[in-house]
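Protein sequences appear in the order of chains S and G.
Just so we're aligned, residue 4 is where the first sequence starts under this note's numbering, counting upward by one.
Just so we're aligned, residue 807 is where the second sequence starts under this note's numbering, counting upward by one.
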Amino acid sequence: MAEVLVLVDAVDGKVKKSTLELLSAARSLGEPSAVVIGADAAALARALGEYGAARIYAVAGDEYGRYLVAPKAEALAAVVEQSSPAAVLVSSTPENKEVAARLAFKIGSGVLTDAVGLSGDGTATQSIFGGSVTVESKVTRGVPVITLRPNAVAAEPAAGAAEIIPVEVTVSDAAKVATVSESVVEAKGSRPQLSEASVVVSGGRGIGSAENFAVVEKLADTLGAAVGASRAVVDAGWVPHTMQVGQTGVTVSPQLYIAVGISGAIQHRAGMQTAKTIVAINKDPEAPIFELADFGVVGDLFTVAPQLTEELAKRKG
Amino acid sequence: MNIVVLVKQVPDTEGDRKLDPSDRTIDRTSVDPVINYIDEFAIEEALRLKEEHGGDVTILTVGPEQATVSIRKALSMGADKAVHVCDEALHGACAIQTATVIAKALGTVEWDVAIAGSEATDSRMSVVPALVSEVLGAPQLSQARKVSVDGSTVTIERVTETGFDRVQAPTPVVISVVEKINEPRYPSFKGIMAAKNKPIEVLDTAALGLDAGTLGLVNASTAVVSFEVAPPRAAGQVVKDEGDGGVKIADYLASKKLV
Ligand SMILES: Cc1cc2nc3c(=O)[nH]c(=O)nc-3n(C[C@H](O)[C@H](O)[C@H](O)COP(=O)(O)OP(=O)(O)OC[C@H]3O[C@@H](n4cnc5c(N)ncnc54)[C@H](O)[C@@H]3O)c2cc1C
Ligand SMILES: Nc1ncnc2c1ncn2[C@@H]1O[C@H](COP(=O)(O)O)[C@@H](O)[C@H]1O
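Here you go:
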């Protein structure tokens, strides 16, 4: 069976959920193999095997964290050359999209970004123009490189041999020019990452102040959710820009999106419209967010949201 | 220090954007064309760098004839001149083709820093700056929320999911910027008048030494095979809070097995 390469994303020695989703999606195209670049493959092998990785191509080296993007693309190209896969899948993060594009250029194929679905013949489904149009796209030549949105496909366990195959890569000097001198963590908490969280609670201008944002955070923590925000809130300086959902922020595709005090401007919708279920709390019955909400409550967020938090906590016991 | 800004003209996101059913490319005529939103921040950053370090600012656009309007606007903000690659042969080009054309066009200009936006609102691919860097073999400093230049070293703060990375590279370098980087200026009346006389060099693919027969829709590395207007989300249920709105949401989430 044809091999399908999946680029592994890991944080703190743990495989990200989005990678497990890719391994699951890859099975519709062939046999998934994982590619671990610049991390300890042995430590990740068990999780990758549990989600069906037959092989793990392990590229060791510290170049991948020290220089921006280009070395990763070279390493991935080397693995593609060695394995002649049917496709390469990576999850849609800004950095991965850059890696994917460079790879496609190197191997003479094409790149499709932000797929929300994948079929067996390599056709990708994409949601464009702020979710108003759905397209089916294909790469027309070579090995298709496709970036898949987190949460687009469910992660389903499957047994895989997870045989580790070390790959020697010599990164070119040209790829070692953009040097990462420092990584600064500004907002690190115990909450899940916004782009891949399965539940997101976002607050809008209706929250009124930075202090009041606790209303959103408490609800999110009860749900184990990530916290997002509209641009109005980011511009007001109530939360950092990393939390902005929308056209010029993060695109999320969670199982559940709860919009609290957000009007639902088209630019905000562009970043959350593909959520499976949308719930909105807003005091204005005419707010456009209600047009896409599966369930909406017209009311004051300062009474509705805390009540919801309390109710959920009660039911959890 | 000479700077090129990569500026794309896109259909306004406020309009009802469509694909052209005849060839499934973006319909660029039914909605008002505007400068890609984030590219205005790229222009602003270039103007600020010029103010600080000298040199000139060139706008580079690959796009149809109507893109002239956006180029003039960029010039009215304060850029000095423009290169417009305009060729029917590029209709339906994929990202890789566009980046290849941009890379070629950059060869006609003297530059130290090329600045792009991080993402175009029509494609939303966020790949062209990385591809231009790949094609040219020049370093990439992407997703910048801050750019500083010291001699021939450029340092950026690259936005990450948890904060930022500080990254540096020597010129010539390809940068992409995010919208948090600055506040774009409005063109002044003087700027608008001055823009009318600023040079726009229009080039076709032949002038860049490219073979038109390898470009455009039929040679694109990706293809839209079909599309449909997404059905509007099925009308949901909206209730007025009668003092139990929070409980009602909890009930709804439970009924959907979401909690
Ligand atoms: C090019 C461009 C790009 C953009 N990109 C983005 C983007 O990426 N993300 C983004 O979010 N926006 C983006 N925007 C901005 C967008 O157009 C909206 O301005 C923004 O989303 C509005 O944020 P909001 O819904 O929080 O605020 P508002 O539109 O002011 O809405 C606040 C809502 O809160 C409700 N409310 C107030 N008080 C209460 C209360 N006590 N209880 C309940 N409800 C209450 C109000 O009824 C109102 O509906 C962009 C705009 C442009 C032009
Ligand atoms: N046709 C084009 N002409 C000039 N610049 C472009 C073009 N297409 C993309 N760009 C630049 O690349 C950035 C990212 O575009 P994209 O990769 O399509 O999301 C844009 O913000 C522009 O700066």
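Virtual Cβ for every residue (Gly too), placed ideally from N, Cα, C.
Remember, it's a predicted structure, so these values are computed and weren't measured experimentally.
First and last residue of the uninterrupted alpha helix (DSSP H) at residue i
i, result
"S:Arg272", "269-272"
"G:Ala911", "901-912"
"S:Lys319", "304-319"
"G:Thr927", "First-last for G:Thr927: undefined, no H or E at that position."
"G:Thr874", "874-883"
"S:Glu294", "292-295"
"S:Glu24", "20-29"
"G:Leu947", "Here G:Leu947 belongs to no alpha helix (DSSP H); instead the beta strand (DSSP E) covers 946-956."
"G:Leu812", "First-last for G:Leu812: 809-812, but that is the beta strand (DSSP E), not the alpha helix (DSSP H)."
"G:Glu940", "934-942"
Beta-carbon separation (whole angstroms), residue i vs residue j, contact threshold 8 Å
i, j, result
"S:Pro35", "S:Val7", "5 Å"
"S:Ala190", "G:Thr968", "6 Å"
"S:Gly252", "S:Arg234", "7 Å"
"G:Val919", "G:Leu855", "7 Å"
"S:Ser27", "S:Gly123", "Not a contact, Cβ separation roughly 14 Å."
"G:Ser982", "G:Pro935", "4 Å"
"S:Glu77", "S:Ser175", "6 Å"
"G:Lys952", "G:Glu963", "4 Å"
"S:Ala127", "S:Leu115", "5 Å"
"S:Leu151", "S:Leu121", "7 Å"
"S:Thr182", "G:Ala922", "So it is not a contact: roughly 20 Å between Cβ atoms."
"S:Gly274", "S:Ala290", "At roughly 17 Å, the Cβ-Cβ gap does not stay under 8 Å, so S:Gly274 and S:Ala290 are not in contact."
"S:Gly68", "S:Ile110", "Rounded, the Cβ-Cβ distance is 24 Å, inconsistent with contact."
"S:Val138", "G:Val816", "S:Val138 to G:Val816, Cβ: 17 Å. No contact."
Minimum Cβ-Cβ distance from residue i to chain S less than 9 Å
i, result
"G:Thr927", "yes"
"G:Cys892", "no"
"G:Ser836", "no"
"G:Ser876", "no"
"G:Gly904", "Note that residue 904 of chain G corresponds to Thr in the displayed sequence, not to Gly. Not one chain S Cβ lies under 9 Å of G:Thr904."
"G:Gln1043", "yes"
"G:Gln946", "yes"
"G:Ile844", "yes"
"G:Val973", "yes"
"G:Gly861", "no"
"G:Met931", "yes"
"G:Val955", "no"
"G:Lys1054", "yes"
"G:Ala1046", "The amino acid at residue 1046 of chain G is misidentified as Ala; the sequence shows Lys. Yes, because at least one Cβ of chain S sits closer than 9 Å to the Cβ of G:Lys1046."
Residue-chain proximity (residue i, chain C), Cβ-Cβ < 9 Å
i, result
"S:Asp65", "As a matter of chain content, chain C is missing from the structure shown, whose protein chains are S and G."
Any C-beta of chain G under 9 Å from that of residue i
i, result
"S:Glu220", "no"
"S:Gln310", "yes"
"S:Ile284", "yes"
"S:Ile168", "no"
"S:Ala2", "The structure shown does not extend to residue 2 of chain S, since chain S is modelled only from 4 through 320, so no value can be given for it."
"S:Gly206", "no"
"S:Gly240", "no"
"S:Leu121", "no"
"S:Gly145", "yes"
"S:Ser256", "no"
"S:Ala190", "yes"
"S:Arg152", "no"
"S:Val138", "yes"
"S:Gly133", "yes"
"S:Val172", "no"
"S:Glu185", "yes"
"S:Pro35", "no"
Residue interval of the beta strand (DSSP E) (run including residue i)
i, result
"G:Val980", "979-983"
"G:Glu1048", "G:Glu1048 -> no beta strand (DSSP E), and no H or E assigned at all."
"G:Thr968", "Premise fails: G:Thr968 is in no beta strand (DSSP E) and is neither H nor E."
"G:Lys887", "887-891"
"S:Leu8", "6-10"
"S:Gly299", "298-301"
| task | At 4 residues or longer, and completely inside the stretch 826-870 of chain G: list those alpha helix (DSSP H) runs for me, N to C. | result | Correct list: 843-859.
| request: Would you mind listing the beta strand (DSSP E) stretches within the stretch 1000-1025 of chain G that are 3+ residues and don't spill past its ends, in chain order? | output: Entirely contained in the stretch 1000-1025 of chain G, the beta strand (DSSP E) runs reaching 3 residues are, in chain order, 1006-1009.
| What is the chain-ordered set of residues for which the beta carbon lies under 5 Å from any non-hydrogen atom of ligand 1? | This selection yields S:Gly207, S:Arg208, S:Gly209, S:Ser233, S:Arg234, S:Ala235, S:Gly249, S:Gln250, S:Thr251, S:Gly252, S:Gly264, S:Ile265, S:Ser266, S:Ala268, S:Gln270, S:His271, S:Asn285, S:Lys286, S:Asp287, S:Ala290, S:Asp303, S:Leu304, G:Tyr843.
| Hey, which unbroken runs of the beta strand (DSSP E) at 3 residues or more fall wholly within the stretch 116-154 of chain S? | 127-131, 136-142, 148-151
| said: What ranges does the alpha helix (DSSP H) occupy inside the stretch 43-109 of chain S, keeping only unbroken runs of at least 4 residues that lie completely in it? | reply: 44-53, 66-69, 73-86, 97-109
| field | Minimum length 3: unbroken beta strand (DSSP E) runs contained in the stretch 206-281 of chain S | value | Correct list: 229-232, 259-263.
| query | What is the chain-ordered set of residues for which the beta carbon lies under 7 Å from any non-hydrogen atom of ligand 2? | reply | With 7 Å as the limit between CB and the heavy atoms of ligand 2, the residues that fall short of it are G:Leu812, G:Val813, G:Lys814, G:Asn842, G:Ile844, G:Asp845, G:Ala848, G:Leu866, G:Thr867, G:Val868, G:Gly869, G:Ala901, G:Thr904, G:Ile908, G:Ala922, G:Gly923, G:Ser924, G:Glu925, G:Ala926, G:Ser929, G:Arg930, G:Met931, G:Ser932, G:Val933, G:Val934, G:Pro935, G:Ser982.
| Length-filtered (3 minimum) beta strand (DSSP E) runs lying within the stretch 161-193 of chain S | 166-169, 182-188
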